[in-house]
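Going by UniProt numbering, the final residue of the sequence shown carries number 238, and the count climbs one at a time with no gaps.
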Amino acid sequence: MSKLHPVSSRDWTPVHYTAERWALLRSLRERAASVLEALLCTKVKAVVIGSVARGDVTPTSDIDVHLDSYAPTHQVVSCLQEHGYGVAWYEVIQAAPNSAVRIVVYIDESLTVSIPASKLSKTEEEFPLFAGCLNLDELRAGKRVPGVNKRLLLIVPTVFGHVESSILGREVEVAKMLGISVETVKERVAVRLKRVKEGRSGFYLHKLVPPNDSPERVLFALARANSLLARKLEGVLL
């Protein structure tokens, strides 16, 4: 369960970064850029999302890379291996029955590549923009973008660090700032508040897959026994 609880009342609070925080951000972005460069050979658009794109990193920040459409896992892994990256394990996840199915490639505990294994809804397509995302060229150019963190704070980059403000009650304004639909903002708020209220962040489907196995094979086997999952995979894996 996440220990980061949403902040209901905070209005444009400035946060000044220390030299150590700027150094950490540079280090994480260099590693993210290396992975994005490795994934160019998949020919699928890839972005890094979250704090690495926004700038508000901490020592526990992960590097989350998302592909915007399906690419075979073996192809993704081959591209990564050509650049010196191995695979620790895979996860097959689905947050809820109506959510997208994803294959997550774990390079290590803090570095992942997420591959959609089913069609994405509009709100799922817009999630990277909600969280903040950058492609390889933007990352190399030193760009930072606004986005929302797990505490439901809108992070807006500044020359000294960032300013942050709660998005609760300001969903329409935040949607306009991020260039996404109000529905996406409201859905992400509802999901986050529900997880905090229920005290869990579990998945409807969550399977660990060893690095010598195929996540697609696992999904095919699960789909044979689950018609709902099979329908979800139609048009992408099936």
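Just so you know, even glycine gets a beta-carbon here, dropped at the ideal spot from N, CA and C.
Query	Result
Residue from SER69, TYR90 and ASP68 with nearest C-alpha to VAL77	TYR90
Opposing strand residues paired with PRO116 [DSSP bridges]	ARG102
Cβ-Cβ separation, VAL185 to VAL196 (assumed contact under 8 Å), whole Å	Between VAL185 and VAL196 the Cβ distance is about 17 Å, and since that is not below 8 Å, they are no contact.
Three-state secondary structure assigned by DSSP to TRP12	coil
Delimiting residues of the beta strand (DSSP E) encompassing ALA223	ALA223 -> not in any beta strand (DSSP E); alpha helix (DSSP H) instead, spanning 215–224.
Residues bridged to GLN94 [DSSP beta-bridge criterion]	VAL101 and LEU205
Sequence-distant residues of the same chain with beta carbon closer than 6 Å to PRO215, five excluded per side	THR73, TYR90, VAL92, ILE103 and VAL209
Distance between VAL52 and SER61 (C-alpha atoms, nearest Å)	8 Å
Burial state of THR112 (16 or more Cβ within 10 Å)	buried
Backbone CA spacing between VAL191 and GLY202 [nearest angstrom]	12 Å
Nonlocal neighbours in the same chain, by C-beta distance under 8 Å from SER181, ignoring five residues either side	LYS122, THR123, GLU126 and ALA175
Closest by C-alpha distance to ASP68, when choosing among LYS45, SER34, ASP213 and ALA33	LYS45
Pairwise C-alpha distance: GLN81 and ALA131	28 Å
Selection from ARG26, HIS162 and ARG170 that minimises the alpha carbon distance to PRO14	HIS162
Top-ranked residue by Cα proximity to ARG144, from ALA19, THR158 and LEU154	THR158
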